[in-house]
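Trainee: Throughout, the working numbering is defined as the position within the sequence shown, counted from one, plus 1357.
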Amino acid sequence: MEGTHAWYVYMVRCRDGSLYTGVARDPSRRLDEHNGHAAGGARYTRARRPVTLVYTEPAADRASACRREAELKQWPRARKLALISE
C-alpha cells in the first residue's frame, strides 16, 4: 500500500495507551524512528516506547495529509478508537 510518492496519515498506540497522530511518506520507516531503531521520531513517543502502528490512511499529497492529521487530532479519543477498530 505504501508508494514512493504517496503521503499517509498514521496513528500509533504508545506503551501508556495514548495515541499519536502524524504524517509520513513511509509509515513503516516512521514507526522505526518512533521506536528508536532509526534516527528521528517525536519527543512525545520517545518517552512512551514501544509504539505500535494501529492506523494508516493514504492522502493525495502532503497538504491533504496535514489537513487530515489536524482534523484527527481534534477528535475525541472515543472517536479515534472507533476509527482504528473499523
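Using N, Cα and C, we set each Cβ at its ideal position, and we do this for glycine too.
Of all the CB atoms in chain C, is at least one closer than 8 Å to the CB of Gly1398?
Mentor: As a matter of chain content, chain C is missing from the structure shown, which is built from one protein chain.
Trainee: For Ala1396, which residues from the same chain have a beta carbon less than 8 Å from its beta carbon, with the 5 sequence-adjacent residues on both sides left out?
Mentor: For Ala1396, where only same-chain residues beyond five positions count, the Cβ hits under 8 Å are Glu1390.
Trainee: Does the beta-carbon distance from Val1408 to Arg1370 come in below 8 Å?
Mentor: It is a contact, given that the beta carbons lie within the stated cut-off.
Trainee: Return the bridge partner residues of Val1366 from the DSSP annotation.
Mentor: Beta-bridge pairing links Val1366 to Val1380, Glu1414.
Trainee: Leaving out five residues before and five after Tyr1412 in sequence, what residues of the same chain have Cβ atoms less than 6 Å from its Cβ?
Mentor: Excluding sequence neighbours, Tyr1412 sits near Met1368, Ile1441.
Trainee: Once DSSP output is grouped into helix, strand and coil, what is the label at Glu1359?
Mentor: Only weak support exists for where Glu1359 lies, its pLDDT of 48 falling under 50; the coordinates are left without a value.
Trainee: The alpha helix (DSSP H) spanning Glu1428 covers which residue range?
Mentor: Segment 1419-1431, the alpha helix (DSSP H) holding Glu1428.
Trainee: Measure the C-alpha to C-alpha separation of Gln1431 and Arg1405 and round it to an integer number of angstroms.
Mentor: If I take the Cα positions, the gap works out to 21 Å.
Trainee: Checking 8 Å against the spacing of the C-beta atoms, do Gly1379 and Glu1426 come in under that value?
Mentor: In contact: Gly1379 and Glu1426 (Cβ atoms closer than 8 Å).
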